[in-house]
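Worksheet for the structure shown next.
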Amino acid sequence: MADLDSGLRAILAELVRQGRKPVADLTPDAAREQMGARAAQAPVGPDLSEVVDLAVLAGRHHVPVRLYVAERADAVVVFCHGGGWVIGDLDTHDHLCRTIAVLGRCRVVSVDYRLAPDHVFPAGLDDVEAAVRWAAGAFPDASLVVAGDSAGANLATACARRLRDCGGPRIAAQLLAYPVTDCDFSRTSYLTNQDDLLLLRSADMAWFWDRYLPDEAMRTHPDASPLRASSLAGLPPATVVLAGHDPLHDEGLDYARALRGAGVPVELVTYPTMAHGFLAFAQLVREAGEALEVLAKAIRVAALRDTRSG
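Shown next as structure tokens:
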């Protein structure tokens, strides 16, 4: 960890000093409380013309979503929060979604999908699909983008593949920040990123998987491990952002390469001195701000591409 960015290292060390514990040492409820408390310390995100909480019908239940509307909205981004399918909610990623809406000149639909262990695979993915279908119907003239960080990126790209296989709605782009793409723990980045300073360690990912998909035989299903899909051809253009100090780095890299191999346009941006979760510190860490601009540009490009093709 010698090359971990000094500013990010100081932030992570301060969180530990304040009492942050590794997720794997906590119960799901305690882990949620810890993540929520950390998010509550963050400054309020940028003002928007509209922010409203809604409920989307998904079969026999409703999925809470939060709609963010920038002054100019050429695209709609369905955003799936990270948190290992177990923790996180609309509030933990409120600042990030506000920033994406402003920088991307778009609407953002943040999805409060059902969480494990009370709702195991594929409940969260089903909720995300319902939200995407709702967004496509609610904003038919907007470019439709799926996005997420960590486990949220897993849900976003799995949903994109589901929609490809059932004929739509069409997704213009997918934005994947340090995505979970495989259930294999043997990659080098899993073996090396185990320091308690990190927001995500290998042991924490094992903890998340055990709660999201206890049946290990099912973990290779492509809806859980997108890298295992028999074909990635025809998926939307992808922007993949990775961090060097992250158990998920190598599987994210493998997924970007697999997408390219299947003919999918991919923009891969790696920040070697960053760690998992660094986008949360965009106001404090320069590289995080740069990464958000990369994602925002991809949204604007997708909208422009749709306008020209239309």
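Numbering of the sequence shown is given in our numbering, commencing with residue 1466 and proceeding in unit increments.
Even glycine gets a Cβ: it sits at the ideal position worked out from N, Cα and C.
The segment 1531 to 1549 makes contact with the segment 1611 to 1625, as at least three CB pairs between them are under 8 Å. A straight line joining the alpha-carbon of P1605 with that of H1584 spans about 31 Å. Apart from the 5 residues on each side of it in sequence, A1588 sits with its Cβ closer than 6 Å to the Cβ of R1579 in its chain, given in chain order. DSSP places C1624 within a helical segment (H, G or I) once states are collapsed to three.
As DSSP reads the structure, A1642 sits in a beta bridge with D1614 and V1706. Put simply, the backbone Cα of V1567 is about 26 Å away from that of L1700. Shortest Cα-Cα distance from A1689 to any of Y1533, S1667, D1494 and A1623 involves A1623. Beta-bridge pairing by DSSP links H1526 to A1523. Between A1601 and L1609, the beta carbon gap of about 6 Å places them in contact (Cβ cut-off 8 Å).
About 18 Å separates the CB atoms of L1640 and T1557; that is not less than 8 Å, and the two are not in contact.
Sequence-distant Cβ neighbours of V1530 in its own chain, meaning closer than 6 Å and more than five residues away, are L1519, V1521, V1574, V1576 and A1596. Within its own chain, the residues whose Cβ lies closer than 7 Å to the Cβ of A1761, once the five positions on either side in sequence are excluded, are I1565, L1568 and G1569, listed in chain order. DSSP places M1466 in the coil class of the three-state scheme, outside both helix and strand. The continuous alpha helix (DSSP H) containing T1653 extends over residues T1653 to T1657. In the three-state reduction of the DSSP assignment, S1514 falls in the coil class, being assigned neither a helical nor a strand state. Here G1553 is buried, its C-beta having at least 16 other C-beta atoms within 10 Å.
If the five residues before and after D1711 are omitted, its C-beta is found closer than 7 Å to the C-beta atoms of Y1643, S1654, N1658, L1665, A1740 and H1741, all from its own chain and listed in chain order. Where C1631 is concerned, there is no enclosing alpha helix (DSSP H), because DSSP gives it neither an H nor an E. Between A1535 and S1514, the C-beta gap is smaller than 8 Å, which places the two residues in contact. Cβ neighbours of V1734 within its own chain (closer than 8 Å, five residues either side excluded): T1704, V1705, V1706, L1707, A1756 and V1759.
DSSP, read as helix, strand or coil, puts E1594 in helix. The criterion of a C-beta distance shorter than 8 Å is not satisfied by T1685 and C1631. Just so you know, the alpha carbons of A1668 and L1662 end up roughly 13 Å apart. Cβ-Cβ distances below 7 Å link L1469 to H1710, T1738 and A1740 in the same chain, with the five nearest sequence neighbours on each side left out; the list follows chain order.
Looking at the DSSP output, C1571 sits in a beta bridge with A1540. In the structure shown, S1608 falls within a strand segment according to DSSP collapsed to helix, strand and coil. Between L1480 and L1744, the C-beta spacing is not below 8 Å.
The continuous stretches of alpha helix (DSSP H) do not include A1740, which lies in the beta strand (DSSP E) extending over residues V1731 to A1740.
Here the alpha carbons of G1728 and P1508 stand approximately 41 Å from one another. A residue is called buried when at least 16 other Cβ atoms come within 10 angstroms of its Cβ; P1691 meets this threshold and is buried. Taking C-beta atoms under 8 Å as the contact rule, Y1677 and A1523 fail to qualify, at a distance of about 18 Å.
With respect to the 8 Å criterion, A1747 and A1637 are not classified as neighbours on the basis of their beta carbons.
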